[in-house]
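>
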């Protein structure tokens with residue numbers, strides 16, 4: 001599993017520590033992997049960097065507690081003796097997974113707020129950024145309340161089959177937004193630990209009724225997505241679905257960046273179609 005959240009550039013330094021000492025210590029204490037986006041890899045619409053913590057759920061929770069406790073200390077929050085200090089942490093959650101946190105008619109998010117005592121708000125999807133498929137989930141509360149909320153939210157996201165797919169490219173916003181200026185396998189928007197490997201492949205599900213939009217008239221849309229991203233895209237035959245669903249299989253092959261970009265463009269088309277159906 002993994003979780004992503006935002007930190008300001010100033011507080012990112014305290015999580016890293018001198019020569020990486022703090023982040024190394026937190027990784028060995030928790031058993032989780034902690035990755036931080038580079039200075040220029042910020043979440044769209046903010047100047048904040050992204051931290052991704054990945055591993056077993058218990059390890060993630062240990063790491064999150066270490067990081068958030070450190071950030072609480074840095075803030076020197078006014079400590080109200082009755083409830084302790086309250087701050088905000090903003091998680092990044094793919095739009096496709098927000099439903100599992102909101103629940104039918106908002107029932108799940110209500111119970112998460114009651115059980116954790118934290119304030120939980122989900123931002124609307126920011127349409128100013130082409131290809132952005134993530135929303136911010138803001139948790140307000142004491143450290144204990146935030147940790148309780150994170151624990152509950154993680155267990156919901158665990159049940160969501162789409163959630164793990166976003167892990168392939170946690171910081172590649174730069175690649176998505178400025179894609180037009182890149183040549184198909186150009187460099188840019190790469191982040192550490194991923195070699196530019198052209199033989200990666202992922203398969204995502206797209207509802208059968210939206211496949212026509214992804215393909216476009218005479219295959220025009222899919223050709224455009226393939227050209228802009230530099231990825232190869234293959235759609236399964238009619239009736240060949242992801243197991244247990246009526247979603248057609250869309251297999252995207254290419255570099256990590258090309259795959260992520262193609263996936264974002266496909267999901268954008270599906271999201272637009274879903275919004276139109278709801279209007």
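Numbering (full-length UniProt numbering), first residue to last: 1 to 279. Note that CB positions come from ideal geometry on N, CA and C, so glycine has one too.
1. Assign residue 1 to one of three DSSP states: helix, strand, or coil.
2. Within 10 angstroms of the Cβ of residue 217, are there 16 or more other Cβ atoms? Answer buried if so, exposed if not.
3. Starting from residue 216, follow the beta strand (DSSP E) in both directions and report where the run begins and ends.
4. Given a threshold of 16 other Cβ atoms within 10 Å of its Cβ, counted over all protein chains shown, does residue 212 qualify as buried or as exposed?
5. Residue 100 lies in the alpha helix (DSSP H); which residues open and close that run?
6. Report the three-state DSSP secondary structure of residue 241 (helix, strand or coil).
7. Of all the options 38, 34, 45 and 48, which has the alpha carbon lying nearest to the alpha carbon of residue 61?
8. If we cut at 8 Å on Cβ distances, does residue 151 have a partner in chain C?
9. Around the Cβ of residue 12, are there at least 16 other Cβ atoms within 10 angstroms (buried) or fewer (exposed)?
10. Hey, out of 58, 87, 68 and 139, whose CA is closest to residue 158's CA?
11. Among the candidates 243, 132, 163 and 142, whose CA atom is the shortest distance from the CA of residue 44?
12. List in chain order: all unbroken alpha helix (DSSP H) runs of 4+ residues lying wholly within the region 129-160.
13. Thinking C-alpha only, which one of 51, 160, 66 and 209 is nearest residue 92?
14. Give me the Cα-Cα distance between residue 109 and residue 251, rounded to the nearest whole angstrom.
15. Looking only at its own chain, which residues have a Cβ that is under 8 Å from the Cβ of residue 69, when we skip the five neighbours before and after it?
16. Please classify residue 126 as buried or exposed, where buried requires at least 16 neighbouring CB atoms within 10 angstroms.
17. With a Cβ-Cβ cutoff of 8 Å, do residue 3 and residue 154 count as a contact?
18. Considering only the alpha carbon of each residue, which of 22, 37, 220 and 214 lies closest to residue 8?
19. Per the DSSP calculation, residue 53 is bridged to which residue(s)?
20. Going by C-alpha distance, which of 71, 225, 214 and 232 is nearest residue 200?
21. Skipping 5 residues on each side, what residues in its chain have a beta carbon closer than 6 Å to that of residue 96?
22. Could you check if residue 256 is buried or exposed, using at least 16 other CB atoms within 10 Å of its CB as the buried criterion?
23. In terms of alpha-carbon separation, which member of 18, 54 and 107 lies closest to residue 32?
24. Where does residue 201 fall in DSSP's three states?
25. Quick check on the DSSP output: the beta strand (DSSP E) that includes residue 108 runs from which residue to which?
Quick answer:
1. If DSSP states are grouped into helix, strand and coil, residue 1 belongs with coil.
2. Burial call: exposed.
3. Going by DSSP, residue 216 is part of no beta strand (DSSP E) at all; its letter is neither H nor E.
4. With fewer than 16 other beta carbons inside 10 angstroms of its own, residue 212 counts as exposed.
5. For residue 100, the enclosing alpha helix (DSSP H) covers residues 95-102.
6. In the three-state DSSP reduction, residue 241 falls in the strand class (E or B).
7. Of the candidates 38, 34, 45 and 48, the one whose C-alpha sits nearest the C-alpha of residue 61 is 34.
8. No chain C appears in the structure shown, which is made up of a single protein chain.
9. Buried, since its Cβ has 16 or more Cβ neighbours within 10 Å.
10. For residue 158, the nearest C-alpha among the options comes from 58.
11. Of 243, 132, 163 and 142, the residue nearest in Cα terms is 132.
12. Under the rule that a run must span 4 or more residues, the alpha helix (DSSP H) segments found entirely inside the region 129-160 read 143-158.
13. For residue 92, the closest alpha carbon among the candidates 51, 160, 66 and 209 is that of 51.
14. Between the C-alpha atoms of residue 109 and residue 251 there is a straight-line separation of about 33 Å.
15. Once the five neighbours on either side are set aside, the close Cβ partners of residue 69 are 143.
16. The C-beta of residue 126 has fewer than 16 other C-beta atoms within 10 Å across all chains shown, which makes the residue exposed.
17. Taking the C-beta atoms as reference points, residue 154 is found nearer than 8 Å to residue 3.
18. It is 37 whose Cα lies nearest to the Cα of residue 8.
19. Answer is 3 and 34.
20. In terms of Cα proximity to residue 200, the closest of 71, 225, 214 and 232 is 232.
21. Taking residue 96 as the centre and dropping the five residues before and after it, the same chain places the C-beta of 162 closer than 6 Å to its C-beta, in chain order.
22. Counting other Cβ atoms within 10 Å of its Cβ, residue 256 reaches 16 or more and is therefore classed as buried.
23. That would be 54, whose Cα lies nearest to the Cα of residue 32.
24. Look at residue 201 here: in three-state DSSP terms it is strand.
25. Note, residue 108: premise wrong, no beta strand (DSSP E); alpha helix (DSSP H) at 107-116.
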